[in-house]
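This report concerns only the one structure given below.
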Amino acid sequence: MTQVETTVRYDNGYEDEYMMQEDEWDRDMLLDPAWEQQQRKTFTAWCNSHLRKAGTQIENIEEDFRNGLKLMLLLEVISGERLPKPDRGKMRFHKIANVNKALEFITSKGVKLVSIGAEEIVDGNVKMTLGMIWTIILRFAIQDISVEETSAKEGLLLWCQRKTAPYRNVNVQNFHVSWKDGLAFCALIHRHRPDLLDYSKLNKDDPLGNLNLAFDIAEKHLDIPKMLDAEDIINTPKPDERAIMTYVSCFYHAFAGAEQAETAANRICKVLGVNQENEKLMEEYERLASELLEWIRRTTPWLENRTPEKTMAEMQRKLEDFRDYRRQHKPPKVQEKCQLEINFNTLQTKLRISNRPAFMPSEGKMVSDIASAWQGLEQAEKGYEEWLLTEIRRLERLDHLAEKFRQKATNHENWASGKELILSQKDYETATLTEIRALLRKHEAFESDLAAHQDRVEQIAAIAQELNELDYHDVAAVNQRCQSICDLWDKLGTLTQKRRESLERTDKLLETIDQLFLEFAKRSAPFNNWMEGAMEDLQDMFIVHTIEEVQSLIAAHEQFKATLPEADAERQAILGIHNEVLKISQSYGIKANIVNPYSTITFEELLNKWEKVKKLVPQRDGALQEEMARQHTNERLRRQFAAQANLIGPWIQTRMEEIGRCSLEIGGTLEDQMTQLKQCEHVIVAYKPNIDKLEGDHQLIQESLVFDNKHTNYTMEHIRVGWELLLTTIARTINEIETQILTRDAKGISQQQMNEFRSSFNHFDRKKNGAMETDDFRACLISMGYDLGEVEFARIMILVDPNGTGIVSFQSFIDFMTRETADTDTAEQVVASFRILAADKPYILVDELRRELPPEQAEYCIMRMPPYAGPGAPPGALDYTAFSTALYGESDL
Amino acid sequence: MSAYTVSLPGPGPWGFRLQGGKDFNMPLTISRITPGSKAAQGNLIQGDVIVAIDGVSTEGMTHLEAQNKIKMANYNLALTMAKFISLVVILQEIIVPVFTPAVV
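Heads up: the sequence lines are chains A and B, in that order.
Using the working numbering, the letters of the first sequence correspond one by one to residues 3 to 895.
Using the working numbering, the letters of the second sequence correspond one by one to residues 665 to 768.
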């Protein structure tokens, strides 16, 4: 078989094969009747498998084909072509004709039928019939088999080999013994339909099972009727090749037919697929192109959109979108375009390769269209990008400007806020002069501040202008704000001016008022002082003691009254100033509480005082008149007193002299002196009423608070004292005389002695004042013959002048003089007397006193004597020394 | 009249002579001071009036009472003294000149 050239064309190959096969057939037939049996079975089954499509079957292969009808039918079914109409006669020649038709048909298909005639068939020659059937089978079932350019039997064999190649225990080399174990059949089935059997479970040693299984499955599932007998195959050493071939060819047609169909379908599919693919590609192209164009069409307006955005953010967003577009959305489109081009080229190539006409895209979707659209897109892109950047810059600038504007406007508004209110204040209406000045200065400062801000307002306006030019989106608000700022600015300007004027005017007015106040102060202060002084003076409590004083006061008062008209004039002037101030403040509406800063004195005060003064003047007149009267009265009293005193004073003096004279007189006895003195005393006593009267006058004077009296040098005190002195002197002098009398009597001094003493005393009483001074005394003693040394004289002085007064009174003189001569009981003598009684003891006992002295004197002593405090004294001892010295009023302690 | 107090250190005798008393109608005076005595050392002045003895006023004291008081002195003797100015002197030296009208 392999000798057959695969490149031999169909007809040639067939002829060779057929011829060879015929030879084999002949030879085979003669050799093995078993094969005949097998072939019969197999071919019958085969024919039936086709005839059933026509709705008929054969029972007996040599018989049923004898009339040729079924044969023709078979051929029709197999070829799918119509044969000429069979003769419907029963005669032999009809049958032969039919068979011949069949044979002709077969021949027309290129099969050379050698030694097969219609008569043999009609006669029912088995071998011939089988041969014919084999020819048919060969021709219609096997001949067309083409596997890898190997056809017919070889092709079939190759097919079997290819299909069973994977099965290691299957080795198909021929169409007889290779098939005995049944595995080949199973393999074939399994290869195409693994679902139909489980090949792994098959056993080589069970050929019967295998064969039957395969046949069963083939009949059930593959629509291949059983054409072989399993026992026959097993029992036959070399099964019939043709039968096997026939059965296997059914498998081939079942599978390979399917395969072929598949392949054909594949091819068709492939072609169609290619077509479809091409169509799809075209569609795809169209679609992509449409899409792309659509996309471009959609995108281009977006890229051509030049609607400006309002804010940077939105613009940025647009830029972002554009970037996104460039980075994300466009690349795929670029790719798409590329793809489109590639697809187009590929498509064109494919079409060209497969000999199809070139692809012509529909209108508007041509490559050029796409290219130009794409170009347009890219240009739009560029333009858009440029526009975006420009816009962004513009917006940036606008934003910046707008921000600048906002800031400046805000700053300005902040500065300006409240200024309107401040400028509209009427605070100057209630301000004082200093406050106005301060306000003016503040205002100046404000004016310069305002001027400084002029610049800024202009800047703001300029920015607003630029924003307008640059077509800022919110320019309306900007303009509005700018407008309001400018309006306010103008207003501020006006208000500033107005305020300045008001302030200046108020300043002037307040200045004037201030001057007036100053004037007022300058004049009112002295006036006030004058009035205060006047009031003081007018109320001045005067203590006058003389009429002249009152008169001078009255004169002063009259002088004062003379000044009143002048003062009144001054008052008027000051009132004038005050009224002027009131007038100004009223007429100019100055509401400030106008207080005079220079003066604490109010006009009301001045008025009050003036009234007071006016009232006081007549009051004072009255007072002065009263005083005058009083002074006159006092003068009278004074005179009265003085008259009296002037009489009494000298009278007392006269009496004093009288007494002095009297006491110094030597002539006459002490008794005479006494009488004189007594007489004097009488006179004096009788004079007392005068003193009393004077006292009365004095009291009056004192009650009138008159303390001086120029009409007399004698005060009441003088008179009083003098009177007292007079009384005392007369009493003392009398007493002195009495004492002298006593002394004379006690000491036994005769009158003559007394006179002597008196004369001496008077002589040496140089000053004639009834007392001798130390020198006088000394002189006196010398004259009496006492020649004294200093010490002696001193002792004597101590005696006569124990108090060291430096003068010796007549009494002491007499005492001294008589001491020398008299024999008196001295304290020592008394003490000596007691000692005797006490038996020389320094103390005396009560019993002793009672014993020695008369009871009365004893008791007197006991009562009076102090207890003796010396040593060794018994209780009840009395100190007689102390007692004695005490008696004489002289104790040595 | 200026007063002063003298404190004589005891014990007695002090060395002075007491004179006077209510019963004599004369102020209690020191009529004599023994030279070199405590009284002399105590700077007592002859003729001065004893106003108080050991702080007790001598007003209304008899001679004996004064004598006793002095003798009763604890250890030291405190004598409050006053200068004596003769009444007569007062009268004659002071009052009379005043009484006499001044010669104008």
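Built from N, CA and C at the ideal position, the CB exists for glycine as well.
All values reported here derive from a predicted model rather than from experimental measurement.
Here the alpha carbons of glutamine 499 of chain A and aspartate 429 of chain A stand approximately 16 Å from one another. Nearest to glutamate 343 of chain A by C-alpha distance, out of A:Ala373, A:Gln330, A:Ser364 and A:Gln633, is A:Ala373. Within the DSSP bridge table, the entry for arginine 663 of chain A names no partner. Looking at the DSSP output, proline 869 of chain A shares a beta bridge with A:Leu880. Comparing alpha-carbon positions, the option among A:Tyr169, A:Glu673 and A:Leu728 lying closest to glutamate 659 of chain A turns out to be A:Leu728. Residue state for serine 695 of chain B is assigned as strand, using DSSP reduced to three classes. Using a CB distance below 7 Å, the part of the segment 729-740 of chain B facing chain A consists of Gln731, Asn732, Ile734 and Lys735, ordered along the chain. For glycine 719 of chain B, no chain A residue has a C-beta closer than 7 Å to its own C-beta; the minimum C-beta separation is roughly 18 Å. The beta carbon of asparagine 636 of chain A sits closer than 6 Å to those of Ser706 and Val708, all from its chain and outside the five residues before and after it, given in chain order.
In terms of Cα proximity to asparagine 692 of chain A, the closest of A:Val685, A:Ile650 and A:Ala871 is A:Ile650. The segment 512-529 of chain A makes no contact with the segment 447-464 of chain A: fewer than 3 CB pairs, one atom from each, lie closer than 8 Å. Straight through space, the alpha carbons of isoleucine 603 of chain A and leucine 441 of chain A are spaced by roughly 28 Å.
Residues Gly157, Leu158, Leu160, Trp161, Arg164 and Ala258 of the same chain have their beta carbon placed closer than 8 Å to that of valine 149 of chain A, with the five preceding and five following residues left out of the count.
Lysine 695 of chain A is positioned such that its CB atom lies no closer than 9 Å to that of glutamine 742 of chain A. Apart from the 5 residues on each side of it in sequence, serine 251 of chain A sits with its Cβ closer than 8 Å to the Cβ of Ile139, Ala143, Ile144, Ile147 and Leu158 in its chain, given in chain order. Between glycine 126 of chain A and glutamate 38 of chain A, the CB-CB gap reaches or exceeds 9 Å.
Taking one beta carbon from each stretch, the segment 42-61 of chain A and the segment 227-240 of chain A have 3 or more pairs nearer than 8 Å; the two touch. By the beta-carbon neighbour count (other beta carbons within 10 angstroms, threshold 16), tyrosine 739 of chain B is exposed. The residue from A:Ser785, A:Gly791 and A:Met819 with its alpha-carbon nearest to that of leucine 801 of chain A is A:Met819. Annotated three-state conformation of threonine 313 of chain A is coil, per DSSP. Counting of Cβ neighbours within 10 angstroms places tyrosine 862 of chain A among the exposed residues, the total staying below 16. In the structure shown, arginine 308 of chain A falls within a coil segment according to DSSP collapsed to helix, strand and coil. Collapsing the DSSP output to three states places leucine 741 of chain B in a strand.
Taking a Cβ-Cβ threshold of 7 Å, none of the residues of chain A is close to serine 701 of chain B; the smallest such distance is about 10 Å.
Residues of chain A whose Cβ lies closer than 7 Å to the Cβ of serine 695 of chain B are, in chain order, Pro804 and Glu892. Put simply, the backbone Cα of alanine 557 of chain A is about 19 Å away from that of tryptophan 532 of chain A. Counting along the chain, the unbroken alpha helix (DSSP H) around threonine 508 of chain A starts and ends at 477-541. Within chain A, no C-beta atom comes nearer than 9 Å to that of leucine 672 of chain B; the closest sits roughly 10 Å away. Taking 9 Å as the threshold, the shortest C-beta distance from glycine 676 of chain B to chain A falls below it. Approximately 19 Å separates the beta-carbon atoms of threonine 302 of chain A and leucine 391 of chain A; this is outside 8 Å, ruling out the contact. Listed in chain order, the non-local C-beta contacts of leucine 847 of chain A below 8 Å within the same chain comprise Ala840, Pro876, Gly878, Ala879 and Leu880, local neighbours out to five positions each way being set aside. The beta carbon of glycine 495 of chain A sits closer than 8 Å to the beta carbons of Leu452 from its chain, once the five residues preceding and following it are set aside; these are given in chain order.
Interface annotation, methionine 690 of chain B: in contact with chain A, CB-CB separation under 9 Å. Closer than 9 Å to the CB of arginine 866 of chain A there is at least one CB belonging to chain B. The alpha-carbon separation between glutamine 683 of chain B and isoleucine 694 of chain B amounts to approximately 6 Å. Chain order gives the chain B residues near alanine 888 of chain A as Gly685, Thr726, His727, Leu728 and Gln731, where near means a beta carbon separation below 8 Å.
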